[in-house]
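In full-length UniProt numbering, the protein residues as written are 1 to 562. Here is the structure we will look at.
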Amino acid sequence: MKIEINKSKTIIKRAAKLGILIASANILFSSCMKDLDNKIDETRVTDASFWKTEQHLLMGVNYLYTFLPGIGENSAANWTDDSRSTGNNSISDGSRLVPNSSGDYTNNYQLIRAVNTILEKAEKMSLDAAVITKYSAEARFFRAYAYGELLKRFGGMPIVTRTLNLNDELLQAPRGTRDEVVNLIYSDLDYAIQNLPEASATKSTDYGRINKSVAQALKVRLALFEGTFEKYHQFGDAKKHLTIAKNTANDIISTGYFKLFTYGADPAKSYYYLFQKEGNGYANKEVILPRLYGKDMTDRISTHNYSRNIEQGAITPTRYLVDAYLYIDGLPREGVNRSPYYKPNVSTLTEFENRDPRLAMTVFKTGDTYINGSKYQPMFSFTQTGYKTFKYFNDTDWVNQASFNEHKIIRYPEVLLSYAEAVYELDGNISDADLNKSLNIVRDRAGMPKLTNAFALDHELNVLEEIRRERRVEFAMEGEHRYWDIIRWKIAEKVLPLPTLGIQFFKSEYAEQPVVSLTSEGYVIAQTAATRKFDPARDYLWPLPISELSLNPNLVQNPKWQ
1 MKIEINKSKT
11 IIKRAAKLGI
21 LIASANILFS
31 SCMKDLDNKI
41 DETRVTDASF
51 WKTEQHLLMG
61 VNYLYTFLPG
71 IGENSAANWT
81 DDSRSTGNNS
91 ISDGSRLVPN
101 SSGDYTNNYQ
111 LIRAVNTILE
121 KAEKMSLDAA
131 VITKYSAEAR
141 FFRAYAYGEL
151 LKRFGGMPIV
161 TRTLNLNDEL
171 LQAPRGTRDE
181 VVNLIYSDLD
191 YAIQNLPEAS
201 ATKSTDYGRI
211 NKSVAQALKV
221 RLALFEGTFE
231 KYHQFGDAKK
241 HLTIAKNTAN
251 DIISTGYFKL
261 FTYGADPAKS
271 YYYLFQKEGN
281 GYANKEVILP
291 RLYGKDMTDR
301 ISTHNYSRNI
311 EQGAITPTRY
321 LVDAYLYIDG
331 LPREGVNRSP
341 YYKPNVSTLT
351 EFENRDPRLA
361 MTVFKTGDTY
371 INGSKYQPMF
381 SFTQTGYKTF
391 KYFNDTDWVN
401 QASFNEHKII
411 RYPEVLLSYA
421 EAVYELDGNI
431 SDADLNKSLN
441 IVRDRAGMPK
451 LTNAFALDHE
461 LNVLEEIRRE
471 RRVEFAMEGE
481 HRYWDIIRWK
491 IAEKVLPLPT
501 LGIQFFKSEY
511 AEQPVVSLTS
521 EGYVIAQTAA
531 TRKFDPARDY
541 LWPLPISELS
551 LNPNLVQNPK
561 WQ
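Written out as structure tokens, the structure is:
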């Protein structure tokens, strides 16, 4: 299907010009995609011939799934203090400029336009009401998702809930308030929750489709974000959103359907296999929302090459992430409550000894299987921190330069840890019973001891900080978790201006002697503090792109981005 696009228009105007023929999910944009079954002659699709059957409606909704993030989303770890790529990151170090255009803006409005079109077309179709309701509920999930992405980045945004023509007054709409955007998100997600089947009622053939639990989990994520953002940025009604997050998370937990994935005799290694082929598919009840590879929702074959990306330094851990992992007694590496297991490093292996097993499942250590079956040795090839990411890596996939391993967008541990955090943020404390129904389930899979209030008191641990630590290590190098956590907790201004540090350097362990800058303790300096900054009056929101501001004079730029 050939479509003429006037590039000078906004995404809303572009979409209006299309008359939106969301003909199918066959309209994809990945270079890795290959036709499996070309079911539609795209040159013949028109509004007159489309939107007639349930299959047409299904195909329209399937198109929305192409907007879900793929495994490349993990590169967002480089926006944080936990990871670094092979060069500086303008979000992480505060050097970014106002962009002329932004996919984070236009892609989400493209998704919103697609949803609005589907909803309007569905209303006019001569189909069973239950069918229309189901697919409309799926579509509204995606509108909530898009507005959630816009909210996190830009704050309040223009609200568009219908299709527009080229002269529509909404093309000049001002920004909606945060409350208006959040209320629309809740409304769309509540509709999806009320009208989609339970996860337990879905068939294996529907794995990867939006169901009630997916909508609930997204509601938990966005309510916790907004609740803590409002609390720590000191505005709004934080308790309202935190209560929604807590209650919705509890609803998911109470179903008893979701379980943490385990594999093999050593449960601690389950964390590694979760992100390999062993963790793919319907049988894994930990995954709430995956992005599928292989045959996907659009009847295309897609792969990714993430093992090669990792080997070439797409995401590399920092000193701060490695230091965040506890010892096996539940005590930290730093501070007055330092674990008795701690000892100064005498090699690059020392810091892995007696640590949370997830550290060794996330970060390469000497002797691990590496490319072409070789054994990993400390190196600075494609890494400026001296660390490399073990999580996601697979030697066979590296050789094949292709993988079908799914990207896990929402996992059950997020619901569990969000419940624990919401409870504590609301009450200023959390009972051992609530810890046992949430955080301690995550720790148990990792082979770590339970967190109790008595243990925290005896060892002068801050329970809220331990809840936050658990999120950090469980979701290390995973999607955008860490970035939005430091934004909503308002600690980005503390952690991002720090120098980016890496491994403790032991010269004798390197076959080729790299040239590196070191701290007085011998830690690699990947980026100095002098080249990193964060402006708390500006950087908690992203800049609106120049092209959108020029097209809509009623859009107001975010503070200090003018």
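C-beta: ideal position from N, C-alpha, C; glycine also.
For T255, count neighbouring Cβ atoms within 10 angstroms of its own Cβ and tell me buried if that reaches 16, exposed if not. As a position in the sequence shown, residue 255 is number 255, starting the count at 1. Looking at its Cβ environment, which holds fewer than 16 other Cβ atoms inside 10 Å, T255 is exposed.
Starting from the Cα of I328, find the closest Cα among R338, I310, D356, N305 and give me that residue. Stepping through the sequence shown from its first residue, residue 328 is reached at position 328. Per the Cα distances, D356.
Can you check which of these residues, I310, L111, L496, F50, is closest to K533 by C-alpha distance? For the purposes of this step, residue 533 is taken as the residue at position 533 of the sequence shown. Looking at the Cα atoms, L496 is the closest of the given residues.
Have a look at P267 and L359 and give me their C-alpha separation to the nearest angstrom. For this step, residue 267 is matched to residue 267 along the sequence shown. For this step, residue 359 is matched to residue 359 along the sequence shown. Cα to Cα, the separation comes out at about 14 Å.
So S418 and A245 are supposed to be a Cβ contact under 8 Å. How far apart are they, rounded? Residue numbering aside, residue 418 sits at position 418 when the sequence shown is read from its first letter. Residue numbering aside, residue 245 sits at position 245 when the sequence shown is read from its first letter. That belief holds up - the Cβ atoms of S418 and A245 are roughly 6 Å apart, short of 8 Å.
Could you tell me whether the Cβ atoms of residue 573 and A456 are closer together than 7 Å? The requested residue 573 is not part of the displayed model; the chain covers only 1 to 562.
According to DSSP, is Q377 part of a helix, a strand, or is it coil? Position 377 of the sequence shown, counting from 1, holds the residue named residue 377. Coil.
DSSP three-state label for Y392, please. Indexing the sequence shown from 1 puts residue 392 at position 392. Coil, per DSSP.
With a CB to CB cut of under 7 Å and the five nearest residues on each side skipped, what residues in its chain are close to D432? Working through the sequence shown from its first residue, we reach residue 432 at position 432. Excluding residues within five positions, the ones whose Cβ falls inside 7 Å are T452, N453.
Could you check which residue in S187, A215, D188 has the C-alpha nearest to that of P197? Looking up residue 197 in the sequence shown gives position 197. Selected option, being the one with the closest Cα: A215.
If you count every other CB in all the chains shown that lies within 10 Å of the CB of L461, and 16 or more means buried, which is it? Taking the sequence shown and counting its residues from 1, the one referred to as residue 461 is at position 461. Under this definition L461 is a buried residue.
Answer yes or no: does any C-beta atom of chain B fall closer than 7 Å to that of A422? The question asks about chain B, but that chain is absent: this structure has only one protein chain.
Given that a residue counts as buried once 16 or more other Cβ atoms are within 10 Å of its Cβ, and exposed if not, what is S95? Here the question's residue 95 lines up with position 95 in the sequence shown. Exposed: under 16 other Cβ atoms inside 10 Å.
Sequence-distant residues of the same chain with beta carbon closer than 8 Å to E334, five excluded per side: Counted from its first residue, the sequence shown places residue 334 at position 334. For E334, where only same-chain residues beyond five positions count, the Cβ hits under 8 Å are D323.
Where the alpha helix (DSSP H) through P290 begins and ends: If you number the sequence shown from 1, residue 290 lands on position 290. Note, P290: premise wrong, no alpha helix (DSSP H); beta strand (DSSP E) at 287-291.
Using CA atoms only, rank isn't needed, just tell me which of L150, G72, T385 is closest to N107. As a working note, residue 107 is residue 107 in the sequence shown. For N107, the nearest C-alpha among the options comes from L150.
Run through DSSP, which three-state label would G294 get? Here residue 294 is taken as the residue at index 294 of the sequence shown, counted from 1. Strand.
Name the two residues that bound the continuous alpha helix (DSSP H) containing G386. To locate residue 386, count along the sequence shown from 1; it is residue 386. From DSSP, G386 is part of no alpha helix (DSSP H); its letter is neither H nor E.
Are V473 and G502 closer than 7 Å when you measure CB to CB? Start at 1 with the first residue of the sequence shown, and residue 473 comes out as number 473. Start at 1 with the first residue of the sequence shown, and residue 502 comes out as number 502. Taking 7 Å as the Cβ cut-off, V473 and G502 do not qualify as a contacting pair.
How big is the Cα-Cα spacing for L184 and A314? Here residue 184 refers to the residue found at position 184 of the sequence shown. Here residue 314 refers to the residue found at position 314 of the sequence shown. About 36 Å.
Helix, strand or coil at A454 according to DSSP, with G and I counted as helix: For the purposes of this step, residue 454 is identified with residue 454 of the sequence shown, where counting begins at 1. Correct three-state label for A454: helix.
Put residue 566 into one of helix, strand or coil per three-state DSSP. Any answer about residue 566 is impossible in this case: the structure gives the chain only from 1 up to 562.
Indicate whether F258 and Y412 have their beta-carbon atoms separated by less than 7 Å. For the purposes of this step, residue 258 is taken as the residue at position 258 of the sequence shown. For the purposes of this step, residue 412 is taken as the residue at position 412 of the sequence shown. Yes, Cβ-Cβ distance for F258 and Y412 is below 7 Å.
Does the segment 371-391 come close enough to the segment 83-97 to have 3 or more Cβ pairs within less than 8 Å? yes
For the segment 452-538, list the beta strand (DSSP E) runs that are entirely contained and at least 3 residues long, ordered along the chain. 500-504, 523-527
For F141, count neighbouring C-beta atoms within 10 Å of its own C-beta (all shown protein chains included) and say buried if the count is 16 or more, exposed if not. What you label residue 141 is simply residue 141 of the sequence shown in a count that begins at 1. F141 comes out buried.
T43 versus S49: straight-line alpha-carbon distance, rounded: Numbered from its first residue, the sequence shown carries residue 43 at position 43. Numbered from its first residue, the sequence shown carries residue 49 at position 49. Unreliable positioning characterises T43 in this predicted model, as indicated by a pLDDT of 43, which lies under 50. The coordinate reading is nonetheless provided below. Taking the straight line joining both Cα atoms gives about 12 Å.
If you check the beta carbons only, do A173 and I288 fall under 7 Å apart? To locate residue 173, count along the sequence shown from 1; it is residue 173. To locate residue 288, count along the sequence shown from 1; it is residue 288. Contact flag unset, no.
Three-way DSSP call (helix, strand, coil) for T369 in this model: If you number the sequence shown from 1, residue 369 lands on position 369. Strand, per DSSP.
State the start and end residues of the unbroken beta strand (DSSP E) segment that holds R411. Numbered from its first residue, the sequence shown carries residue 411 at position 411. Run containing R411: 407-411, per the beta strand (DSSP E) assignment.
Return the CA-CA distance between A476 and T202, expressed in angstroms with no decimal places. What you label residue 476 is simply residue 476 of the sequence shown in a count that begins at 1. What you label residue 202 is simply residue 202 of the sequence shown in a count that begins at 1. Their backbone Cα atoms lie some 30 Å apart in a straight line.
Distance between beta carbons of T262 and R445, contact taken as under 8 Å: For the purposes of this step, residue 445 is identified with residue 445 of the sequence shown, where counting begins at 1. For the purposes of this step, residue 262 is identified with residue 262 of the sequence shown, where counting begins at 1. Right, the Cβ-Cβ distance comes to about 7 Å (below 8 Å), so this counts as a contact.
Where does D93 land, buried or exposed, given buried means 16+ other C-beta within 10 angstroms? Taking the first residue of the sequence shown as 1, we reach residue 93 at position 93. Buried, by the Cβ-count rule.
Determine the direct distance from the alpha carbon of P536 to that of D427, and round the result to whole angstroms. For the purposes of this step, residue 427 is identified with residue 427 of the sequence shown, where counting begins at 1. For the purposes of this step, residue 536 is identified with residue 536 of the sequence shown, where counting begins at 1. Roughly 27 Å between the two C-alpha positions.
Taking the alpha-carbon of I301 as reference, which of F404, L439, G60, P514 has the nearest alpha-carbon? The residue given as residue 301 occupies position 301 in the sequence shown. Measuring from the Cα of I301, the nearest candidate turns out to be F404.
Since S339 and L331 should fall inside the 8 Å C-beta cutoff, what is the C-beta to C-beta distance between them, to a whole number of angstroms? The residue given as residue 339 occupies position 339 in the sequence shown. The residue given as residue 331 occupies position 331 in the sequence shown. Yes, S339 and L331 are in contact; Cβ-Cβ is about 4 Å, under 8 Å.
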